[in-house]
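Asks: The letter at position 111 of the sequence shown is residue 113 when you use this note's numbering, and the numbering goes up by one with no holes. The beta-carbon is built from N, C-alpha and C at its ideal position, and this holds for glycine as well. In this text, all values refer to a predicted model and were calculated from it rather than measured experimentally. Sharing a structure with you now.
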Amino acid sequence: MQEFLEKLQAALGPDVVQTEAADIEPWLSDWRGVYKGQAQAVVRPVSTEQVAQCMRLCSQYKVPVVTRGGNTGLCGAATPDARPDNIILSLDRMNQIRSIDTIANTLVADAGCILGNLRRAAQEQDRLLPLSLAAEDSSQIGGNVATNAGGVNVVRYGMARELVLGIEAVLPDGEIFNGLQTLRKDNTGYDLKQLLIGSEGTLGVITGVALRLHAPTHVRSVVLAAVESEQQALELFRLVFGACGPRLQAFEFFTDACLDLVLTHVEGVQLPFGDRHPAYVLIELADTANEEALTQLLEEVIGQALEQELCVDAAVSASLAQLQALWRLREEISEAQRADGPHLKHDISLPIEQIPAFVKTAEVQLRKVSPDCRLFIFGHFGDGNLHYNVSRPAGADKSWAAEWEIRIADAVFEEVMAYGGSISAEHGIGQLKRHAFLHHKDPLQLKLMRQIKQVFDPDGIMNPGKVL
Ligand SMILES: Cc1cc2nc3c(=O)[nH]c(=O)nc-3n(C[C@H](O)[C@H](O)[C@H](O)COP(=O)(O)OP(=O)(O)OC[C@H]3O[C@@H](n4cnc5c(N)ncnc54)[C@H](O)[C@@H]3O)c2cc1C
């Protein structure tokens with residue numbers, strides 16, 4: 003271990019390779035504070051060549067590498083395991099935008115760029131980078147691509163994968179994968195970058211990303227609609243999608259229990275209606291121009307929805323401040339849950355029309371396991387993606403989550419699979435879902451994944467204990 007560190011420090015310098023315990027400590031746990039591991043060093047390179055130098059030595063000495071983005075992942079994928087010889091490879095110092103092209107509509111950036119900064123840089127050039135999530139001001143584009151992040155605009159623009167045109171990555175042996183192209187069309191054989199997207203740091207280190215940009219959506223209009231059931235939300239989605247087509251930018255859902263959490267733990271938020279309802283849908287429409295027409299369209303659709311009893315109340319934003327206030331009710335849910343204490347996250351997806359039936363039967367199964375647990379359901383309803391989160395019963399000790407984690411996940415995931423869904427919609431597998439993933443994934447697909455892992459990383463040094 004000592005020889006490896008000496009060579010690494012000689013190659014990259016002590017500023018890049020940090021080995022003091024006090025310097026390493028802040029890097030050892032995850033955003034939620036659920037996982038903690040060990041590492042012998044934190045390496046913070048400033049260039050792709052430095053990443054390659056680091057990987058060549060790691061490969062030679064068989065040192066495990068945990069690549070770190072913004073550490074906002076929710077599955078413990080960026081947290082090292084208990085091996086003392088892990089290194090944490092952080093991309094935070096590789097944070098330059100390499101180019102923005104407003105004719106080809108592309109943005110090329112270092113993997114360590116913060117997503118929110120890239121969105122603002124695109125906006126300054128009158129373009130839209132539509133990838134958007136509540137953690138966008140901490141997460142890095144490399145992490146977003148490595149997790150194939152989703153977020154709130156998937157209903158219109160797709161997941162991160164659909165925005166990636168090219169990738170530069172360093173493979174475990176230190177070779178540089180030069181796939182940083184911006185072509186829209188390239189059918190020359192297998193599209194290898196797709197393997198790195200969503201690979202959670204298990205195949206290589208993404209060092210640069212080329213992304214598609216879209217036309218700016220200068221005008222936005224948001225409505226918060228109250229619904230009585232998931233079935234009503236589903237019918238509302240059918241109506242809004244049909245009427246608004248590509249202008250539909252987000253279709254988000256949360257139950258009254260989630261709202262309660264936000265009102266309890268977050269300052270300065272309030273519900274725009276007098277009454278409380280079982281659940282709420284936040285709908286955003288966006289367009290390049292003509293705010294009046296957009297708001298009129300939204301009001302007409304919501305008028306129809308009220309007439310057809312597809313929602314029971316609604317508040318349309320009349321200003322940017324109101325629009326942002328409505329969004330906070332949805333976006334603060336994760337923070338409010340964190341403030342409420344340890345909880346069990348199930349980021350699942352379902353065929354959208356199965357959501358109402360799933361919600362009913364999953365709760366029956368869940369209550370058989372833990373009759374008094376508290377259920378918080380929210381998420382990207384328009385994508386069939388629910389965050390089906392479970393918290394300890396009122397009065398239970400905070401150790402409840404760790405004690406019940408596996409039994410509750412088993413009950414939830416059995417139901418998800420019975421409805422033809424997925425146990426991970428957008429957060430990935432990491433260490434949180436590894437057990438369930440290996441249990442539920444089709445054996446042939448697992449076999450092929452293991453073969454791919456072997457091709458990229460024959461010594462198994464990339465993020466061990468995650469995914470496979
Ligand atoms: C409040 C909150 C809201 C969130 N909302 C959403 C949401 O709506 N949609 C969604 O999809 N996610 C969401 N997330 C989860 C998280 O933000 C995403 O998974 C994000 O893409 C992770 O990016 P990161 O840079 O923080 O990656 P990290 O957490 O640092 O790492 C995640 C994984 O990617 C790997 N990795 C990181 N960088 C690289 C790289 N350069 N090369 C190779 N591998 C790398 C890591 O090894 C790890 O396996 C949310 C998280 C929080 C805290």
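Is any heavy atom in ligand 1 found nearer than 6 Å to the beta carbon of TRP33?
Replies: yes
Asks: For GLU416, I'd like the list of residues in its chain whose CB is within less than 8 Å of its CB, leaving aside the five on either flank, ordered along the chain.
Replies: GLN367
Asks: Can you find at least 3 beta carbon pairs, one from the region 339 to 350 and one from the region 377 to 389, that sit closer than 8 Å?
Replies: yes
Asks: Under the three-state reduction of DSSP, which class applies to VAL283: helix, strand or coil?
Replies: strand
Asks: When you compare only the Cα positions, how much space is there between LEU165 and ALA23?
Replies: 39 Å
Asks: Below 8 Å, can you find three or more Cβ-Cβ pairs linking the region 68 to 80 to the region 145 to 156?
Replies: yes
Asks: Please go through the same chain and pick out, in chain order, the residues whose beta-carbon is closer than 6 Å to the beta-carbon of ALA281, but skip the five residues on each side of it.
Replies: VAL229 and THR257
Asks: Taking contact to mean 3 or more Cβ pairs, one atom from each stretch, closer than 8 Å, check whether the region 404 to 421 and the region 449 to 464 are in contact.
Replies: no
Asks: Grab the span of the beta strand (DSSP E) containing ALA123 for me, first residue to last.
Replies: No beta strand (DSSP E) holds ALA123; the alpha helix (DSSP H) holding it covers 117 to 126.
Asks: Here's a check: name, in chain order, each residue in its chain whose Cβ is nearer than 6 Å to the Cβ of LEU296, leaving out the five neighbours to either side.
Replies: VAL221, SER223, LEU287 and ASP289
Asks: Using a Cβ-based criterion (distance less than 6 Å to any ligand heavy atom), does THR149 qualify as near ligand 2?
Replies: Ligands present in the displayed structure are limited to ligand 1, and ligand 2 is not among them.
Asks: By how many angstroms is the C-alpha of VAL110 removed from the C-alpha of ALA364?
Replies: 43 Å
Asks: In chain order, which continuous runs of the alpha helix (DSSP H) of length 4 or greater are located wholly inside the region 337 to 380?
Replies: 357 to 371
Asks: Would ASP112 and GLY210 qualify as a contact pair, given that the criterion is a beta-carbon distance under 7 Å?
Replies: Cβ distance < 7 Å, so ASP112 and GLY210 count as in contact.
Asks: Does GLY305 pass the burial test, meaning 16 or more other C-beta atoms within 10 Å, or should it be called exposed?
Replies: exposed
Asks: Using the rule of at least 16 other Cβ atoms within 10 Å of the residue's Cβ for burial, across every protein chain shown, is MET464 buried or exposed?
Replies: buried
Asks: Would ALA84 pass as a contact of GLN40 if the rule is Cβ separation under 7 Å?
Replies: yes
Asks: For ligand 1, is there any heavy atom lying closer than 6 Å to the beta carbon of ARG70?
Replies: yes
Asks: What whole-angstrom Cβ distance do PRO395 and ARG376 have, given they're in contact under 8 Å?
Replies: 7 Å
Asks: Could you give the first and the last residue of the continuous beta strand (DSSP E) run that contains THR332?
Replies: In the sequence under discussion, the amino acid at residue 332 is Arg, which differs from the Thr named in the question. Where ARG332 is concerned, there is no enclosing beta strand (DSSP E), although the alpha helix (DSSP H) it sits in stretches over 322 to 333.
Asks: Quick one: Cα of ARG340 to Cα of PRO373, how far?
Replies: Computed Cα separation, rounded: 22 Å.
Asks: Heavy atom of ligand 1 less than 6 Å from the Cβ of THR74, yes or no?
Replies: yes
Asks: My understanding is that GLN251 touches THR204, with C-beta atoms under 8 Å, so please give their C-beta distance in whole angstroms.
Replies: Incorrect: roughly 32 Å between the Cβ atoms, too far for contact.
Asks: Find the nearest neighbour of LEU131 within the set HIS216, PHE439 and ALA438, judged by alpha-carbon distance.
Replies: The shortest Cα separation from LEU131 among HIS216, PHE439 and ALA438 belongs to HIS216.
Asks: Are at least three pairs of beta-carbons, each pair with one atom in the region 126 to 141 and one in the region 48 to 61, less than 8 Å apart?
Replies: no
Asks: If you follow the beta strand (DSSP E) that TYR390 is in, where does it begin and where does it stop?
Replies: 387 to 393
Asks: Applying the 10 Å Cβ sphere with the 16-neighbour rule, what's the burial state of ASP122?
Replies: Note on residue identity: the sequence assigns Arg, not Asp, to residue 122. Exposed is the call here.
Asks: Can you look up LEU93 in the DSSP assignment and give me helix, strand or coil?
Replies: Per DSSP, reduced to three states, the secondary structure at LEU93 is coil, with no helix or strand assignment.
Asks: If I follow the unbroken alpha helix (DSSP H) through VAL207, where does it start and stop?
Replies: Unbroken run through VAL207 is the beta strand (DSSP E), 207 to 214; no alpha helix (DSSP H).
Asks: Count the other CB atoms, across all protein chains shown, that sit within 10 Å of the CB of MET3; report buried if there are 16 or more and exposed otherwise.
Replies: exposed
Asks: At what residues does the alpha helix (DSSP H) containing SER61 begin and finish?
Replies: 50 to 63
Asks: Of the choices LEU117, PRO86, LEU197 and ALA420, whose alpha-carbon is the least far from that of GLN456?
Replies: LEU197
Asks: Which partner residues of ALA420 appear in the DSSP bridge assignment?
Replies: Beta-bridge pairing links ALA420 to no other residue.
Asks: Quick check on HIS382: does DSSP put it in helix, strand or coil?
Replies: Strand.
Asks: Under 8 Å: do the region 258 to 275 and the region 325 to 342 share three or more Cβ pairs, one atom per stretch?
Replies: yes
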